[in-house]
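In the numbering used here, the protein residues as written are 8 to 527. For each residue, glycine too, the CB sits at the ideal point set by N, CA and C. Below is one structure, written out as structure tokens; the observations come after it.
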Amino acid sequence: MASETMDRVLSNSSPSLAYLALAAGIVYLVAGRLQEYWRLRHFKGPAGVGISWLPHSKAVIGGTAHRWYGDITEKYGPIAKIAPTHLITSSPELWAHINAVRSPYKRAEWYYHAARFEPGKDNVFTECDNDKHDARRKKMAAGYSGKENPLLEPSIDTHVKELVDLIRTKYAAPAAATYPSKPMDLAEKMAYLTLDVISDVGLGKPFGDLKSDTDVNDYLKASEDGLAIGNMAFGMGTSWMRNAPVIGKAISPSEKDTTGFGKMMAEARKCVRDRVEKPTDARSDMLSSFLRHGISGDDLFQEVFEQILAGSDTTAASLRIIMLYIMTHQRVYKKLQAEIDGAVKSGVAGDIIPDVEARRLPYLSAVIREGLRVHPPVVNLFSRVVPKGGDVVTVEGKEHFIPGGVMIGYSAWSMHRNNKPLYGEDAPVFRPERWFVDESILEEKERLARMYKTNDMIFNYGRWVCLGKVVAMIEMHKTIFELLRHFDFELTNPHEPWRIFNVLGLFAIGDMWVNVTERD
């Protein structure tokens, strides 16, 4: 009898216990969110970002996060709030402080682990432990800088020549032609170039996209599909699921896949395996350098795959952007082409312009800097975690305390494109002449130095500066020079020059159709 009574009591109380548990859970979540709001209450931001990630998710999924970040810092100041636990800055000085070589800040797992290719496995870009990152970076520096690769520039020359030959033989109309050429997707050809370059200098064997005029390994489609999936997961806040014990493996790319990142990973694994089985002493590519400096096993594979993806996408985006701005500004186009023609006439250009000579052309360098500034090719948030105990920072003369554990990223769009205090009231305008100032005036000389330092942050700064900057800058100078040396370009559809979408801070660019004419 007593047992039956107890069963009835428990049965009647079960719904009450469930409601109490639900209520406790809600109270816990609300209390946590209120605590987050209170910690960053002194920072301004759009309505709702103090208590919800939804506005941020909407911007990421919509492919316009870079503009959203820019709008926020322009409206609410150089340090503002974009989410309950995330700030953003457009201040070059603050960003330099955060990224200094001995900075106590660290990369945010929330952001960087969303960019992993495989659950639980890091490369130099996704590694969030500062000591591990620094050690890995040290082993890779010689390979990326070209110090152990005397064939770095000749390899780039080879593929720039292949690009010129492809355009001349298949797409360009003769100089005297009265008819338009066959339209060419310049975005596609830039990707072919950068993939061939990075596979050659990185793996010792080019993929051969330029020679075949095709995406030989379907890398471009695989990359675009993979990044789109990653961007959606990041925006929806489900990236963490890839690290779950069972679910993670099921939803992550597999090297058994016939498409997407999985197929790319299988190709990269094969390249690494083939190289490890052969001597590397006689080779001078990046992979050999990594091996000589002690990178091995799965770490080696992760770096090679990251190199192929990031090393090609970012440089291709840079070239597309610079060419678009040149083609849409005829004054700049004519002035740059005149400088290039002068270099050819003087005899310094040779068959392919040497990098050292290209860097001596002031207007070419200014055009490249200005293109990267007015439309940064990489607009990653690059989230950092504030060190334990917080940090007191001064931004534009105002002191701020940032609590420990909070994340802070940077707005490339407002730091570079819309930075009127540094670049002038016409900052959003593409005007390469802004890089020429009267250096006899001390104030102008000092401002130019700040312009250079800020512009260089496009490649990040301090302990996290881009390892591939050397290769990218050689590619950009040579490619722009040789394209305008040999051809004239015009947009086929100036009203819709390209298709562009921000995926995880990289730009997916396509349908950049141009008509090309050979020059006399």
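| query | result |
| --- | --- |
| May I ask you to report which of helix, strand or coil DSSP gives Glu-134? | coil |
| According to DSSP, what are the bridge partners of Phe-508? | Ala-515 |
| Around the Cβ of Met-422, are there at least 16 other Cβ atoms within 10 angstroms (buried) or fewer (exposed)? | buried |
| Counting along the chain, where does the beta strand (DSSP E) carrying Asp-398 start and finish? | 398-402 |
| On the premise that His-493 lies in contact with Val-171, defined as a C-beta separation below 8 Å, what is that separation, rounded to the nearest angstrom? | 6 Å |
| Is the beta carbon of Pro-190 closer than 8 Å to that of Ala-180? | no |
| Apart from the five residues just before and just after Gln-309, which ones in its own chain have a Cβ nearer than 6 Å to its Cβ? | Lys-128 and Asn-130 |
| Tyr-76 and Ser-418 look like a contact to me (Cβ under 8 Å); what is the Cβ gap, rounded to whole Å? | 4 Å |
| With a cut-off of 8 Å on the beta carbons, I'd call Ile-375 and Ile-328 a contact; round off their distance for me. | With a Cβ gap of about 10 Å, Ile-375 and Ile-328 do not count as contacting. |
| What is the C-beta distance between Phe-124 and Phe-312, in whole angstroms, given that I count them as a contact (C-beta under 8 Å)? | 6 Å |
| Assuming Ile-89 and His-120 make a contact with CB atoms under 8 Å, what is their CB distance in whole Å? | About 19 Å; that fails the 8 Å criterion. |
| Within a Cβ cutoff of 7 Å, which residues of the same chain sit near Lys-168, ignoring the five residues on either side of it in sequence? | Ile-359 |
| Pairing CB atoms from the segment 327-346 with CB atoms from the segment 425-439, are three or more of them under 8 Å? | yes |
| Reducing DSSP to helix, strand and coil, say where Tyr-468 ends up. | coil |
| Nearest to Trp-471 by CA position, among Thr-80, Ala-103, Ala-72 and Thr-461, is which residue? | Ala-103 |
| Using a threshold of 8 Å, state whether the C-beta atoms of Ala-229 and Met-293 are closer than that. | no |
| Thr-201 by DSSP, collapsed to three states: which one? | helix |
| Using beta-carbon positions only, say whether His-300 and Lys-146 come within less than 8 Å of one another. | yes |
| Is the beta carbon of Ala-194 closer than 8 Å to that of Asp-433? | no |
| Can you give me the C-alpha to C-alpha distance between Asn-137 and Tyr-83, rounded to a whole angstrom? | 31 Å |
| By Cβ distance, which residues of its chain are closer than 7 Å to Ala-323, with the 5 residues on each side in sequence left out? | Met-197, Ala-198 and Thr-201 |
| Expressed to the nearest angstrom, what Euclidean distance is found between the alpha-carbon atoms of Asp-445 and Glu-451? | 6 Å |
| Can the beta-carbon of Trp-216 be found less than 8 Å from the beta-carbon of Asp-222? | Note on residue identity: the sequence assigns Asp, not Trp, to residue 216. Yes, these two residues count as a Cβ contact at 8 Å. |
| Along the chain, where does the beta strand (DSSP E) that runs through Ile-359 open and close? | No beta strand (DSSP E) holds Ile-359; DSSP gives it neither H nor E. |
| Considering only C-alpha positions, which residue in the set Gly-269, Leu-474, Glu-489 and Ile-481 is nearest to Asp-348? | Glu-489 |
| Going by other Cβ atoms of all chains shown within 10 Å of its Cβ, with 16 needed for buried, is His-166 buried or exposed? | buried |
| Going by DSSP, what residues sit across from Asn-522 in a beta bridge? | Glu-497 |
| Within this structure, are the beta carbons of Ala-529 and Glu-364 separated by less than 8 Å? | Examination of residue 529 is not possible in this model, given that the chain is present from 8 through 527 alone. |
| Which residue wins for smallest C-alpha separation from Glu-377, given the options Asp-527, Leu-498 and Phe-443? | Phe-443 |
| Give me, in chain order, the residues of the same chain whose beta-carbon lies closer than 7 Å to that of Pro-111; leave out the 5 immediate sequence neighbours on both sides. | Pro-394 |
| So, at 6 Å on beta carbons, what are the nonlocal neighbours of Gly-70 in its own chain, with the 5 sequence-adjacent residues on each side left out? | Phe-508 and Asn-509 |
| Among all the DSSP beta bridges, which residues are the ones paired with Tyr-417? | Thr-96 |
| Taking its Cβ as the centre, do 16 or more other Cβ atoms sit within 10 Å of Pro-161, making it buried, or is it exposed? | exposed |
| Which residues bound the alpha helix (DSSP H) around Glu-125? | First-last for Glu-125: undefined, no H or E at that position. |
| So, are the CB atoms of Val-528 and Gly-512 less than 8 Å apart? | Outside the displayed span of the chain (8 to 527) sits residue 528, for which this structure offers no information. |
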